[in-house]
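First comes the structure, then the notes that go with it.
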Amino acid sequence: MNKHKKIIILVCVLLITLSIVACGQAREDEIVNVEEFAIGQQENNVQTVESTDSEIKEDKTVNQQGSNVQAVESLETKGDETIDVEESNTQESENIDSEITADELFDLFINGSISAISSTDLTSTFYITDLNMDSEEWDSFSVGEREDIDNDGENELILRGPYGGMYLDARDGKVYEFAVGEGDGLVLSYVVYNGSTWVMYSNRKHTGYEAYHMEKFEGADNLVAEMNFNEELLDENNVEGEEKYTLNGTEISYDEYYELCSKIFATEVNTN
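Heads up: take any position in the sequence shown, counting from 1, add 788, and you land on the numbering used here.
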(Lines of atoms letter the chains of each structure in order from A and count residues from 1; the text may use other names and numbers.)
(Lines give C-alpha, C1' and ligand atoms only; values in the text may rest on other atoms or scores of the structure.)
Protein backbone atom coordinates (compact mmCIF):
# COMPACT_ATOMS: atom_id res chain seq x y z
CA MET A 1 0.00 0.00 0.00
CA ASN A 2 2.79 2.42 0.86
CA LYS A 3 4.55 1.45 -2.29
CA HIS A 4 1.56 2.46 -4.40
CA LYS A 5 1.28 5.81 -2.66
CA LYS A 6 4.89 6.61 -3.39
CA ILE A 7 4.42 5.80 -7.06
CA ILE A 8 1.34 8.01 -7.24
CA ILE A 9 3.20 10.85 -5.50
CA LEU A 10 6.16 10.55 -7.87
CA VAL A 11 3.84 10.61 -10.86
CA CYS A 12 2.11 13.71 -9.54
CA VAL A 13 5.44 15.42 -8.92
CA LEU A 14 6.57 14.54 -12.42
CA LEU A 15 3.38 15.89 -13.95
CA ILE A 16 3.63 19.05 -11.92
CA THR A 17 7.24 19.51 -13.02
CA LEU A 18 6.41 18.96 -16.67
CA SER A 19 3.55 21.40 -16.35
CA ILE A 20 5.83 24.02 -14.80
CA VAL A 21 8.45 23.49 -17.50
CA ALA A 22 5.82 23.78 -20.25
CA CYS A 23 4.46 26.98 -18.77
CA GLY A 24 7.96 28.45 -18.55
CA GLN A 25 8.67 27.61 -22.19
CA ALA A 26 5.41 29.14 -23.29
CA ARG A 27 6.23 32.24 -21.29
CA GLU A 28 9.62 32.50 -22.90
CA ASP A 29 8.08 32.08 -26.33
CA GLU A 30 5.58 34.75 -25.51
CA ILE A 31 8.33 37.11 -24.33
CA VAL A 32 10.34 36.42 -27.44
CA ASN A 33 7.30 37.10 -29.62
CA VAL A 34 6.62 40.29 -27.74
CA GLU A 35 10.21 41.41 -28.19
CA GLU A 36 10.18 40.50 -31.88
CA PHE A 37 6.91 42.37 -32.27
CA ALA A 38 8.41 45.39 -30.51
CA ILE A 39 11.51 45.24 -32.68
CA GLY A 40 9.38 44.88 -35.81
CA GLN A 41 7.22 47.80 -34.71
CA GLN A 42 10.34 49.92 -34.13
CA GLU A 43 11.64 49.01 -37.58
CA ASN A 44 8.29 49.93 -39.09
CA ASN A 45 8.35 53.20 -37.21
CA VAL A 46 11.90 53.88 -38.40
CA GLN A 47 10.91 53.08 -41.98
CA THR A 48 7.85 55.28 -41.63
CA VAL A 49 9.95 58.13 -40.26
CA GLU A 50 12.55 57.64 -42.98
CA SER A 51 9.83 57.57 -45.62
CA THR A 52 8.25 60.69 -44.16
CA ASP A 53 11.65 62.46 -44.03
CA SER A 54 12.34 61.42 -47.62
CA GLU A 55 8.97 62.73 -48.75
CA ILE A 56 9.54 65.98 -46.87
CA LYS A 57 12.98 66.35 -48.44
CA GLU A 58 11.54 65.61 -51.86
CA ASP A 59 8.81 68.19 -51.28
CA LYS A 60 11.40 70.72 -50.18
CA THR A 61 13.54 69.94 -53.24
CA VAL A 62 10.56 70.25 -55.56
CA ASN A 63 9.50 73.47 -53.86
CA GLN A 64 13.05 74.83 -54.04
CA GLN A 65 13.31 73.89 -57.71
CA GLY A 66 9.98 75.53 -58.36
CA SER A 67 11.15 78.61 -56.49
CA ASN A 68 14.37 78.68 -58.54
CA VAL A 69 12.41 78.32 -61.76
CA GLN A 70 10.13 81.17 -60.71
CA ALA A 71 13.16 83.28 -59.80
CA VAL A 72 14.78 82.59 -63.18
CA GLU A 73 11.52 83.36 -64.98
CA SER A 74 11.24 86.56 -62.96
CA LEU A 75 14.80 87.56 -63.90
CA GLU A 76 14.12 86.71 -67.55
CA THR A 77 10.97 88.81 -67.44
CA LYS A 78 12.91 91.73 -65.92
CA GLY A 79 15.61 91.26 -68.55
CA ASP A 80 13.00 91.33 -71.29
CA GLU A 81 11.52 94.48 -69.76
CA THR A 82 14.99 96.09 -69.68
CA ILE A 83 15.58 95.17 -73.32
CA ASP A 84 12.17 96.56 -74.26
CA VAL A 85 12.97 99.83 -72.47
CA GLU A 86 16.37 100.08 -74.20
CA GLU A 87 14.80 99.37 -77.59
CA SER A 88 12.13 101.96 -76.87
CA ASN A 89 14.76 104.56 -75.95
CA THR A 90 16.76 103.74 -79.10
CA GLN A 91 13.69 104.05 -81.29
CA GLU A 92 12.78 107.31 -79.58
CA SER A 93 16.30 108.66 -80.17
CA GLU A 94 16.15 107.61 -83.83
CA ASN A 95 12.77 109.31 -84.18
CA ILE A 96 14.14 112.52 -82.65
CA ASP A 97 17.15 112.45 -85.01
CA SER A 98 14.95 111.86 -88.04
CA GLU A 99 12.38 114.51 -87.11
CA ILE A 100 14.70 117.39 -86.14
CA THR A 101 14.88 120.11 -88.80
CA ALA A 102 17.93 121.71 -90.39
CA ASP A 103 17.22 125.02 -88.66
CA GLU A 104 16.99 123.28 -85.27
CA LEU A 105 20.34 121.58 -85.90
CA PHE A 106 21.90 124.93 -86.82
CA ASP A 107 20.51 126.44 -83.61
CA LEU A 108 22.07 123.60 -81.61
CA PHE A 109 25.42 124.22 -83.32
CA ILE A 110 25.25 127.99 -82.70
CA ASN A 111 24.42 127.34 -79.03
CA GLY A 112 27.45 125.07 -78.74
CA SER A 113 25.37 121.94 -78.05
CA ILE A 114 26.58 119.93 -81.05
CA SER A 115 29.64 119.93 -83.29
CA ALA A 116 30.09 120.12 -87.06
CA ILE A 117 31.90 117.52 -89.16
CA SER A 118 34.88 118.64 -91.23
CA SER A 119 34.55 118.54 -95.03
CA THR A 120 38.09 117.19 -95.49
CA ASP A 121 38.06 114.58 -92.68
CA LEU A 122 34.76 113.02 -91.67
CA THR A 123 36.32 111.75 -88.43
CA SER A 124 37.20 115.32 -87.38
CA THR A 125 34.70 117.67 -85.75
CA PHE A 126 34.70 121.19 -84.37
CA TYR A 127 32.43 123.33 -82.17
CA ILE A 128 31.54 126.95 -82.76
CA THR A 129 33.59 127.76 -79.66
CA ASP A 130 36.67 126.54 -81.58
CA LEU A 131 36.25 129.50 -83.95
CA ASN A 132 37.18 133.10 -83.28
CA MET A 133 33.65 134.51 -83.00
CA ASP A 134 32.52 138.15 -83.11
CA SER A 135 35.81 139.80 -82.28
CA GLU A 136 37.38 142.83 -83.92
CA GLU A 137 40.17 140.77 -85.46
CA TRP A 138 40.37 140.25 -89.22
CA ASP A 139 40.04 136.48 -88.96
CA SER A 140 36.93 136.43 -86.76
CA PHE A 141 33.67 134.72 -87.68
CA SER A 142 30.06 135.80 -87.22
CA VAL A 143 26.74 134.04 -87.73
CA GLY A 144 25.29 135.07 -91.08
CA GLU A 145 22.26 134.31 -93.19
CA ARG A 146 20.63 131.02 -94.01
CA GLU A 147 20.37 130.41 -97.75
CA ASP A 148 19.77 127.42 -100.00
CA ILE A 149 23.21 127.20 -101.57
CA ASP A 150 23.16 123.52 -102.62
CA ASN A 151 19.76 123.68 -104.38
CA ASP A 152 18.11 120.98 -102.26
CA GLY A 153 15.24 123.11 -100.93
CA GLU A 154 16.77 123.52 -97.44
CA ASN A 155 18.89 126.38 -96.22
CA GLU A 156 22.57 126.22 -95.39
CA LEU A 157 24.06 128.27 -92.54
CA ILE A 158 26.59 130.94 -93.51
CA LEU A 159 29.34 131.78 -91.06
CA ARG A 160 30.84 135.01 -92.35
CA GLY A 161 34.57 135.20 -91.86
CA PRO A 162 38.04 135.35 -93.38
CA TYR A 163 38.28 134.42 -97.08
CA GLY A 164 34.50 134.20 -97.29
CA GLY A 165 34.01 132.20 -94.09
CA MET A 166 32.28 128.84 -94.36
CA TYR A 167 28.92 127.32 -95.27
CA LEU A 168 27.37 124.55 -93.17
CA ASP A 169 24.86 121.93 -94.26
CA ALA A 170 22.49 119.92 -92.03
CA ARG A 171 21.41 116.38 -92.96
CA ASP A 172 20.82 113.00 -91.31
CA GLY A 173 20.64 114.62 -87.88
CA LYS A 174 24.13 116.15 -88.14
CA VAL A 175 25.85 119.38 -89.20
CA TYR A 176 28.54 119.23 -91.91
CA GLU A 177 31.06 121.75 -93.18
CA PHE A 178 29.96 122.24 -96.79
CA ALA A 179 32.35 124.85 -98.19
CA VAL A 180 35.13 126.97 -96.69
CA GLY A 181 37.40 129.79 -97.87
CA GLU A 182 41.06 128.84 -97.73
CA GLY A 183 43.23 131.89 -98.31
CA ASP A 184 43.69 134.51 -101.03
CA GLY A 185 43.76 131.80 -103.68
CA LEU A 186 40.38 130.33 -102.63
CA VAL A 187 38.08 133.14 -101.48
CA LEU A 188 34.58 131.78 -100.94
CA SER A 189 31.33 133.35 -102.19
CA TYR A 190 28.19 132.23 -103.97
CA VAL A 191 26.35 133.33 -107.10
CA VAL A 192 23.09 132.67 -108.94
CA TYR A 193 23.75 131.59 -112.52
CA ASN A 194 21.27 130.13 -115.03
CA GLY A 195 18.61 129.76 -112.37
CA SER A 196 20.75 127.83 -109.85
CA THR A 197 23.01 128.75 -106.94
CA TRP A 198 26.72 128.03 -107.41
CA VAL A 199 29.57 128.06 -104.91
CA MET A 200 32.44 130.13 -106.24
CA TYR A 201 36.14 130.26 -105.30
CA SER A 202 38.09 133.30 -106.49
CA ASN A 203 41.82 133.79 -106.96
CA ARG A 204 42.87 137.39 -107.44
CA LYS A 205 46.10 137.37 -105.49
CA HIS A 206 48.40 138.05 -108.45
CA THR A 207 48.38 141.21 -110.56
CA GLY A 208 47.35 140.44 -114.11
CA TYR A 209 45.82 137.10 -113.22
CA GLU A 210 42.29 136.23 -112.11
CA ALA A 211 40.83 132.73 -111.89
CA TYR A 212 37.40 131.52 -110.81
CA HIS A 213 36.11 128.05 -110.03
CA MET A 214 32.36 127.42 -109.67
CA GLU A 215 30.52 124.34 -108.36
CA LYS A 216 26.84 123.50 -108.65
CA PHE A 217 25.29 121.06 -106.19
CA GLU A 218 21.97 119.28 -105.91
CA GLY A 219 22.39 118.42 -102.26
CA ALA A 220 25.60 119.17 -100.41
CA ASP A 221 27.02 115.70 -101.13
CA ASN A 222 26.05 115.69 -104.84
CA LEU A 223 28.23 117.81 -107.14
CA VAL A 224 26.56 118.01 -110.56
CA ALA A 225 28.49 120.68 -112.50
CA GLU A 226 31.71 122.68 -112.45
CA MET A 227 32.92 125.69 -114.38
CA ASN A 228 36.27 127.46 -114.64
CA PHE A 229 37.03 130.82 -116.24
CA ASN A 230 40.03 133.09 -116.00
CA GLU A 231 41.99 135.95 -117.50
CA GLU A 232 45.75 136.34 -117.54
CA LEU A 233 48.48 138.47 -119.12
CA LEU A 234 50.38 136.86 -121.95
CA ASP A 235 53.44 138.62 -120.55
CA GLU A 236 53.21 138.89 -116.81
CA ASN A 237 55.95 141.50 -116.79
CA ASN A 238 53.89 143.85 -118.98
CA VAL A 239 50.74 144.90 -117.11
CA GLU A 240 49.60 146.91 -120.14
CA GLY A 241 50.05 143.98 -122.47
CA GLU A 242 47.61 141.65 -124.17
CA GLU A 243 45.42 139.27 -122.09
CA LYS A 244 44.07 135.80 -122.73
CA TYR A 245 40.56 134.70 -121.68
CA THR A 246 39.49 131.11 -121.18
CA LEU A 247 36.33 129.20 -120.26
CA ASN A 248 36.76 125.60 -119.10
CA GLY A 249 40.21 125.50 -120.73
CA THR A 250 39.02 126.91 -124.07
CA GLU A 251 40.15 130.37 -125.16
CA ILE A 252 37.31 132.85 -125.75
CA SER A 253 37.14 136.47 -126.87
CA TYR A 254 37.17 139.47 -124.57
CA ASP A 255 33.50 140.21 -125.40
CA GLU A 256 32.44 136.65 -124.52
CA TYR A 257 34.42 136.79 -121.32
CA TYR A 258 33.05 140.21 -120.39
CA GLU A 259 29.44 139.05 -120.99
CA LEU A 260 29.98 135.93 -118.85
CA CYS A 261 31.53 137.90 -115.98
CA SER A 262 28.76 140.49 -116.13
CA LYS A 263 26.12 137.83 -115.54
CA ILE A 264 28.01 136.07 -112.77
CA PHE A 265 29.33 138.99 -110.74
CA ALA A 266 25.99 140.78 -110.84
CA THR A 267 24.61 138.12 -108.49
CA GLU A 268 27.70 137.39 -106.40
CA VAL A 269 27.20 137.44 -102.64
CA ASN A 270 30.37 138.18 -100.72
CA THR A 271 30.42 136.41 -97.35
CA ASN A 272 33.60 137.88 -95.83
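Ideal Cβ positions, reconstructed from N, Cα and C, are used throughout, including at glycine.
Enumerate, from N- to C-terminal direction, the unbroken beta strand (DSSP E) stretches of 3 or more residues contained entirely within the segment 874-954.
Whole beta strand (DSSP E) segments, 3+ residues: 930-935, 944-948.
Less than 8 Å between the CB atoms is what I'm expecting for VAL975 and TYR989, so what's the real figure, rounded?
Right, the Cβ-Cβ distance comes to about 7 Å (below 8 Å), so this counts as a contact.
Relative to the C-alpha of LEU947, which residue among HIS994, ASP940, GLY941, LEU956 is closest?
The shortest C-alpha separation from LEU947 is found at LEU956.
Of the choices THR911, THR985, TYR1046, TRP926, whose alpha-carbon is the least far from that of LYS962?
Among THR911, THR985, TYR1046, TRP926, the Cα nearest to that of LYS962 belongs to THR911.
Would you give the residue range spanned by the beta strand (DSSP E) that SER984 belongs to?
Residues 984-994.
By the three-class DSSP mapping on this structure, what secondary structure does SER1041 have?
In the structure shown, SER1041 sits in coil (DSSP, three-state: anything other than H, G, I, E or B).
When we look at the beta-carbon of ASN883 and count the other beta-carbons within 10 Å, is it buried (16 or more) or exposed?
Confidence at ASN883 is low in this model, with a pLDDT of 44, below 50, so its placement is unreliable and no value can be given for it.
To the nearest angstrom, report how far apart ASP1043 and THR1034 are at their CA atoms.
If you take the alpha carbons of ASP1043 and THR1034, they lie about 12 Å apart.
How is GLU1019 classed by DSSP in three states: helix, strand or coil?
In the structure shown, GLU1019 sits in a strand (DSSP, three-state: E or B).
Less than 8 Å between the beta carbons of GLY953 and THR1059, yes or no?
Going by C-beta atoms, GLY953 is nearer than 8 Å to THR1059.
ASP918 to TYR964, Cα distance in whole Å?
Between ASP918 and TYR964, the C-alpha separation is close to 15 Å.
Can you tell me whether GLU1047 is helix, strand or coil according to DSSP?
If DSSP states are grouped into helix, strand and coil, GLU1047 belongs with the helices.
Nearest to ARG934 by CA position, among SER928, LEU945, GLU925, GLU892, is which residue?
ARG934 has its Cα closest to that of LEU945, out of SER928, LEU945, GLU925, GLU892.
Return yes when the Cβ of MET1002 is within less than 8 Å of the Cβ of GLU1014, no when it is not.
Yes, Cβ-Cβ distance for GLU1014 and MET1002 is below 8 Å.
Taking C-alpha atoms, which residue in ALA1054, GLU887, LYS1051, ASP1009 lies nearest to SER907?
Here the closest residue by C-alpha is ASP1009.
Is it the case that the Cβ atoms of SER930 and ASN920 are separated by a distance below 8 Å?
No, they are not a contact pair.
Closest to GLY941 by CA distance: which of GLU1030, GLU1031, GLY1007 is it?
Out of GLU1030, GLU1031, GLY1007, GLY1007 has the C-alpha closest to the C-alpha of GLY941.
Counting along the chain, where does the beta strand (DSSP E) carrying GLU1030 start and finish?
Neither: GLU1030 is in no beta strand (DSSP E) and is coded neither H nor E.
Please determine, among HIS994, GLU970, VAL1057, ASN991, the residue with the shortest C-alpha to C-alpha distance to VAL979.
Checked all of HIS994, GLU970, VAL1057, ASN991; the closest Cα to VAL979 is VAL1057.
Count the other CB atoms, across all protein chains shown, that sit within 10 Å of the CB of THR870; report buried if there are 16 or more and exposed otherwise.
The predicted model places THR870 with a pLDDT of 45, which falls under 50 and marks its position as unreliable; any figure quoted below should be read in that light. The residue in question, THR870, is exposed, as its Cβ has fewer than 16 Cβ neighbours within 10 Å.
Using C-beta distances below 8 Å, list every residue in its chain close to GLU1031, excluding the 5 sequence neighbours before and after it, in chain order.
GLY996, GLU1019, GLU1020, LEU1021, LEU1022, TYR1042.
Do you know how far the Cα of TYR915 is from the Cα of GLY1061?
Since the first and last residues shown for the chain are 789 and 1060, residue 1061 lies out of range.
Just to confirm my understanding: we take ALA890, look at its own chain, exclude 5 residues before and 5 after, and list those with CB closer than 6 Å. What are they?
Only GLU942, ALA958 meet the Cβ criterion.
Within 10 Å of its beta-carbon, does ALA859 have 16 or more other beta-carbons around it, so buried, or fewer, so exposed?
Note that ALA859 scores 40 on pLDDT, short of 50, meaning its location in the model is unreliable and no value can be drawn from it.
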